[in-house]
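One structure is given here, and the rest of the page talks about it.
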Ligand code: SF4
């Protein structure tokens with residue numbers, strides 16, 4: 135099977151289409167999915183493009199294994215310039231955002247399009263229907279401003295069939311709220327990259343895809359063998375009964391530490407938002423097309439003002455953390471706010487944290503309570519109204535819709551002062567390192583060009599795993615285990631160094647379309663993905679080559695952001711992590727992976743130094759060297775002039 139990736143180009147300026155193919159040599163170097171997506175974006179968009187400009191292409195890529203039977207391989211990646219303001223001087227980073235899918239990825243592959251690139255900007259709202267080789271541009275004035283992500287999906291499925299894949303934006307995207315998302319197949323989101331606002335700027339309400347040709351596999355029997363191994367691991371997983379019952383909520387025992395905001399005692403949080411409380415609204419667990427875990431849910435609010443309201447997604451962590459931050463004890467009120475945010479395509483994490491910051495400053499008399507269109511106070515009705523104003527950019531909502539750095543300018547404060555989780559490159563983190571400890575995932579909030587929580591999952595995401603388990607994972611990355619983990623005199627994880635390999639593994643996963651939940655629970659290993667890739671493509675890649683590709687892809691993402699002016703000074707260690715959290719559970723300080731030592735700024739700086747050394751980057755600039763770009767063949771892919779490697 136040739137490794138050629140087919141690309142559908144959709145030109146919204148002229149309502150026209152074109153096609154291209156990625157040469158197999160480039161695919162061999164990039165694998166597919168988000169890897170090729172970065173290449174497509176980087177070779178067609180100029181640096182410093184405004185994220186709202188028509189020239190900010192949106193590249194949607196299905197992973198190399200997406201749509202196959204390989205468990206958890208259903209991911210699609212979007213690449214674009216993020217609309218979120220990342221720096222005080224107004225820079226934006228190039229981001230890739232990853233979502234699962236029930237239909238969308240499978241349909242893209244079934245239509246034999248590995249990538250869909252949206253160029254330009256339509257004059258009027260429309261949606262694009264792709265049915266195999268047929269593309270239609272359909273007016274969407276009837277959907278714009280009137281339908282949310284769920285109701286919009288429902289209308290589109292009614293119109294074009296229940297089996298289509300849908301990617302839809304809501305009012306937040308239409309109104310260019312900078313931290314807005316696109317929703318895929320009702321319950322999955324392309325978040326943290328401004329995808330909703332980019333689609334809104336393009337006047338693109340939705341992308342609807344149907345593919346009827348199936349997904350080609352070079353060695354079906356080989357794929358069945360490796361898929362069965364993963365299924366066997368899932369079935370033998372001792373936590374599966376809890377997970378099958380609760381979806382993502384099955385992670386409460388870990389989550390209650392990693393996302394603890396430090397305001398309530400744990401027993402109060404358990405009582406208000408714990409597993410038993412979750413079951414009251416959970417209607418059923420939902421899963422991506424090939425998933426044997428299932429982490430999404432359909433919920434129905436059982437009682438109260440919003441009784442009967444139905445929603446889709448993963449409201450668990452959002453409502454629990456948001457509830458504690460905002461001081462809302464009624465889980466159903468918070469689930470309702472999640473539903474409103476999902477329908478609008480608003481990033482709930484960012485919104486709750488920004489609102490908590492703003493409201494608390496009002497409480498403390500540091501910001502005026504009387505704001506345009508509303509008197510701000512710490513009450514649920516006020517939150518409901520503030521969310522609506524943010525989504526529609528009304529009054530003070532038009533400021534909140536701009537995100538952390540513009541809000542900080544408006545109130546005259548530094549966003550680094552915010553007391554929960556931490557902020558880097560204009561983006562709030564999901565986990566607070568003081569509660570979650572320092573491990574490769576939390577550390578990558580500093581090093582990753584796009585700080586995010588997804589994808590960098592590995593066994594070490596849960597703090598304190600026994601060294602022998604972690605060693606097994608490291609071994610297949612082809613690096614010295616002694617270098618990354620020590621056992622005596624006490625266990626010690628070399629987090630700075632190890633972050634490089636978890637980031638590389640994440641890039642491989644994004645290229646293949648593989649979910650990061652499986653490795654977090656030790657249910658699937660890199661050699662399984664390798665066997666699956668070889669079975670699907672007919673290639674004979676080695677594990678070393680696979681990991682080397684991860685390194686190439688991470689350097690590609692990094693280089694696209696170096697082009698935007700990002701340097702070592704943008705990889706900031708959050709001040710917050712150095713300020714112990716005063717909580718009802720006691721004082722919680724940032725500690726090492728095994729919880730033995732409190733970490734200082736010097737410790738974190740030393741980890742950062744080790745990270746750059748492991749990457750082979752210039753530690754002063756925090757950038758890849760020209761020799762490295764040449765060695766990774768990125769000069770050949772991107773052009774010697776662009777990478778500065780012509781000499
Ligand atoms: S664990 Fe969740 S995101 Fe991952 S493949 Fe399964 S349903 Fe999709």
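Numbering (the working numbering), first residue to last: 135 to 781.
Built from N, CA and C at the ideal position, the CB exists for glycine as well.
For clarity, every value in this text was computed on a predicted model and none was experimentally measured.
Residue 538 versus residue 360: straight-line alpha-carbon distance, rounded
45 Å
Would DSSP call residue 505 helix, strand or coil?
strand
Taking C-alpha atoms, which residue in 213, 732, 382 and 572 lies nearest to residue 253?
213
Any idea what DSSP makes of residue 344, helix, strand or coil?
strand
So which residues put a beta carbon under 6 Å from any heavy atom of ligand 1, going in chain order?
206, 208, 234, 421, 422, 425, 427, 428, 429, 430, 649 and 651
Given a threshold of 16 other Cβ atoms within 10 Å of its Cβ, counted over all protein chains shown, does residue 781 qualify as buried or as exposed?
Because residue 781 sits at a pLDDT of 44, beneath the cut-off of 50, its placement in the model cannot be relied upon, and the following sentence gives the value as read from the coordinates. With fewer than 16 Cβ atoms within 10 Å of its Cβ, residue 781 is classed as exposed.
Range of the contiguous alpha helix (DSSP H) that encloses residue 249
Where residue 249 is concerned, there is no enclosing alpha helix (DSSP H), although the beta strand (DSSP E) it sits in stretches over 249-253.
Chain-order list of residues whose beta-carbon lies under 7 Å from that of residue 482 (same chain, five-residue window excluded):
452, 456, 472 and 475
Can you find at least 3 beta carbon pairs, one from the segment 328-348 and one from the segment 367-381, that sit closer than 8 Å?
no
For the putative contact between residue 508 and residue 521, defined by C-beta atoms under 8 Å, what is the C-beta separation to the nearest angstrom?
Wrong, their Cβ atoms sit about 11 Å apart, outside the cutoff.
Opposite residue 152 in the DSSP bridges: which residues?
143
Taking the CB atoms as reference points, tell me whether residue 672 and residue 248 lie closer together than 8 Å.
no
Anticipated Cβ contact below 8 Å, residue 310 with residue 381, distance rounded
Not quite, the Cβ-Cβ distance comes to about 32 Å (not below 8 Å), so this is no contact.
Helix, strand or coil: how does DSSP classify residue 563 here?
coil
CA-to-CA distance, residue 210 to residue 447, given in whole angstroms
16 Å
DSSP state of residue 138 mapped onto helix, strand, coil:
coil
On the DSSP bridge assignment, give the partners of residue 717 in chain order.
720
Does residue 765 come out as helix, strand or coil in the three-state DSSP assignment?
helix
Hey, could you find the ends of the alpha helix (DSSP H) residue 617 is sitting in?
615-618
Mind checking residue 786: buried by the 16 CB within 10 Å criterion, or exposed?
Outside the displayed range of the chain (135 to 781) lies residue 786, so it cannot be described from this structure.
Rounded straight-line distance, which links the Cα of residue 458 to that of residue 515:
16 Å
Should the segment 214-227 be called in touch with the segment 653-671, which here means at least 3 C-beta pairs below 8 Å?
no
When DSSP builds the beta bridges, which residues end up paired with residue 418?
432
Taking residue 447 as part of the beta strand (DSSP E), name the residues at either end of that continuous run.
444-447
Between the segment 735-749 and the segment 583-599, are three or more C-beta pairs nearer than 8 Å?
no
Please report the residue range of the beta strand (DSSP E) in which residue 300 lies.
299-302
Limits of the beta strand (DSSP E) - the one that residue 273 falls within
268-273
With respect to the alpha helix (DSSP H) encompassing residue 294, which residues constitute its N-terminal and C-terminal limits?
283-294
For ligand 2, is there a heavy atom less than 7 Å away from the beta-carbon of residue 524?
Ligand 2 is absent from the structure shown, which contains only ligand 1.
Since residue 322 sits in a beta bridge, which residues does DSSP pair it with?
318
CA nearest to the CA of residue 244, picked from 318, 164, 286 and 297
297
Take residue 316 as the anchor and find which of 330, 719, 339 and 261 has the nearest alpha-carbon.
330
Would residue 730 be called buried (16 or more neighbouring beta carbons within 10 Å of its own) or exposed?
exposed
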